[in-house]
Amino acid sequence: MISETNGIDIFDKERIRNWFFHPFSGEQCQSCRKVFGTGEGLTPCPNCGSEDKSMRDFIKGRNALILFGKIRDFFISNEKEMVVILFCILFEVLVNNFFMSFLKAKNTPFKEIEKFLQKKITISTKVNKTFEKFVGEKFEDAIKPTKHKDFYANWNDIKDKRNNFIHGLSSGVSDDDCKLAWKLTVNSSELFAFLNNKFCVKET
Ligand SMILES: [Zn+2]
Numbered sequence: 633m634i635s636e637t638n639g640i641d642i643f644d645k646e647r648i649r650n651w652f653f654h655p656f657s658g659e660q661c662q663s664c665r666k667v668f669g670t671g672e673g674l675t676p677c678p679n680c681g682s683e684d685k686s687m688r689d690f691i692k693g694r695n696a697l698i699l700f701g702k703i704r705d706f707f708i709s710n711e712k713e714m715v716v717i718l719f720c721i722l723f724e725v726l727v728n729n730f731f732m733s734f735l736k737a738k739n740t741p742f743k744e745i746e747k748f749l750q751k752k753i754t755i756s757t758k759v760n761k762t763f764e765k766f767v768g769e770k771f772e773d774a775i776k777p778t779k780h781k782d783f784y785a786n787w788n789d790i791k792d793k794r795n796n797f798i799h800g801l802s803s804g805v806s807d808d809d810c811k812l813a814w815k816l817t818v819n820s821s822e823l824f825a826f827l828n829n830k831f832c833v834k835e836t
């Protein structure tokens, strides 16, 4: 398994111990919502020209950051099942955040966004049906232009492992599953930044 992301060995446990926040989060313009690579966040915003110095970390939700920190901790201590389970939850949080941003970009009233987020829709339905209904493309097709085009298939594999665990099947979570879930955790910010920039940036 490739262990490098942006030239950094993501399986180097000594190194990732120092990651207090998501290292590849990127910075988001609070005006047009476009995400730029960390450090690229310039004023004025290269996209909309906003000068309000409002670049903020893209992955800034408390829930996403808590999960990221815990997944890292469990990866370091090799608690494989926890890495797999928590990655699935993190992915669900990021999917919900994506829908929220998409609806905001379409100027959907807050009450309607809230109503949508409160609906009890399974994550599989959200990814396989709601996503396409919203953006007009299947999730797996939308991510094809990125270097994370296997993300969808990998997520499905990891979700199956989690489901086996939940249903008491003892097929087990392997070291490779754990590494894959950690790799997806690290790559998720770049992937969702891409989806954000493709579908959720406000037109200027
Ligand atoms: Zn902007």
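Going by the numbering used here, the first residue of the sequence shown is number 633, and it counts up by one from there. Glycine included, every Cβ here is placed at the ideal spot set by N, Cα and C.
Query, Result
"Nearest-angstrom Cα separation, counted from L749 out to N728", "7 Å"
"Which residues DSSP lists as bridging F668, in chain order", "E659"
"Cross-strand partners of R837 (DSSP beta bridge)", "In the structure displayed, the chain extends from 633 to 836; residue 837 sits before or after that span and is not available."
"Rounded C-alpha distance that separates F797 from N828", "32 Å"
"C661: CB within 7 Å of a non-hydrogen atom of ligand 1", "yes"
"Assigned exposure category for T757 - 16 Cβ within 10 Å defines buried", "exposed"
"Secondary structure of N679, DSSP reduced to three states", "coil"
"Cβ-based neighbour list, K815, same chain, cut-off 6 Å, excluding 5 preceding and 5 following", "none"
"S806: CB within 7 Å of a non-hydrogen atom of ligand 1", "no"
"Backbone CA spacing between R694 and K645 [nearest angstrom]", "24 Å"
"Distance CB(A825)-CB(F719) smaller than 8 Å", "no"
"Heavy atom of ligand 1 within 7 Å of C832 beta-carbon", "no"
"Contact check, F690 vs V667, beta carbons under 8 Å", "yes"
"Own chain, CB closer than 7 Å to E683, minus 5 neighbours either side, in chain order", "T675, P676"
"Residue closest to L726, alpha-carbon to alpha-carbon, out of V833, S820, K830, E835", "S820"
"C-beta atoms of C832 and A737 nearer than 8 Å", "yes"
"Which listed residue (I717, D782, F734) has its alpha carbon closest to that of I745", "F734"
"Local conformation of I708 per DSSP, three classes", "helix"
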